[in-house]
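What follows is a short report on a single structure.
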Amino acid sequence: MSKQKEYIVTLIFAGHIIQNLHYGPYCHNWWLSQQTDKTNNIILLYPIRLNMKTLITLHNFDFIIEIVESVSEYGLAPGYLYKCKDIQSEIFLSPTNAISSVCQKIVKTTTKFSGPAIMGFDNPMISDILIQDLPFQVYAFILGKLRVWILGIGKSNKPEWNYARTGYKAAFIYMYQKQ
-8 MSKQKEYIVT LIFAGHIIQN LHYGPYCHNW WLSQQTDKTN NIILLYPIRL NMKTLITLHN
52 FDFIIEIVES VSEYGLAPGY LYKCKDIQSE IFLSPTNAIS SVCQKIVKTT TKFSGPAIMG
112 FDNPMISDIL IQDLPFQVYA FILGKLRVWI LGIGKSNKPE WNYARTGYKA AFIYMYQKQ
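Counting from 1, position 41 in the sequence shown corresponds to residue 32 in my numbering; the numbering is continuous, with no gaps.
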């Protein structure tokens, strides 16, 4: 049984998949992982969609959460804005910090919330909507100390080419001198 609190999150707008963000050089910032096949180390990735909006009620206050484009030390990244009444957070790179900052102002509490849970990413219905219209379902696997992300696979109708064609795209992620 999970110790993490479950929240009722409503998806207002699913947001947009942006080719350069989700399948380009900053892709590692725009996907969340959920391990689905522990025997083969296959990890499905779920998109953090630009302009995605969700609604959650905390302490009898309605909070609207929106994902915007921001910049981190690792390039273009999702930024999180929380709004409640006439108060709006600044843009945070972490949904946890964004919701906590607004809650402190409105509810006067220092409670920390799980950002992905507050956004609804752990809700199967919301996760299913977020992957419905993807041009390619991104997935990853672990190969030693390397994480390999598969971002696209081309397929032809030519058996003499073993059905291959251009379009294969992958990202290799390795933490150099992890601290």
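Every residue, glycine too, gets a C-beta built ideally from N, C-alpha and C.
Being a predicted model, the structure only gives us computed values, none of them experimental.
Query	Result
Sufficient close CB pairs (3 or more, under 8 angstroms) joining the region 2 to 19 to the region 57 to 73	yes
Nearest-angstrom Cα separation, counted from Y65 out to S92	23 angstroms
Own chain residues within Cβ distance below 8 angstroms of T100, not counting five before or after	H50, C94
Simplified DSSP state of D53, which is helix, strand or coil	strand
Local Cβ density within 10 Å of A89, reported as buried at 16 or more and exposed below that	buried
Same chain only: Cβ atoms within 6 angstroms of K224, ignoring 5 sequence neighbours per side	Residue 224 is absent from the structure shown; the chain starts at -8 and stops at 170.
Span separating the alpha-carbon of L12 from that of H19	9 angstroms
Contact check, V0 vs T48, beta carbons under 7 angstroms	no
Cβ shell of G111 (< 7 angstroms), same chain only, five flanking positions each side left out	V0, L2, T45, I117
Bridge partners - G66, DSSP secondary structure assignment	S63
V93: first and last residue of the uninterrupted alpha helix (DSSP H) it sits in	86 to 97
Neighbour-count burial assignment, L171, 16 or more Cβ in a 10 Å radius	The chain is shown only over -8 to 170; residue 171 falls outside these bounds and no answer can be derived.
For Q25 and M(-8), the rounded distance between their alpha carbons	Because the pLDDT at M(-8) is just 42, under 50, the model does not fix this residue reliably, and the value given afterwards should be weighed accordingly. Roughly 17 angstroms separates the two Cα atoms.
Environment of D77 [buried if 16+ CB atoms lie within 10 Å]	exposed
Whether F104 touches V139 by CB criterion (7 angstroms)	no
Q10 versus Q128: straight-line alpha-carbon distance, rounded	13 angstroms
Cβ shell of L67 (< 7 angstroms), same chain only, five flanking positions each side left out	L12, Y17, N20, E60
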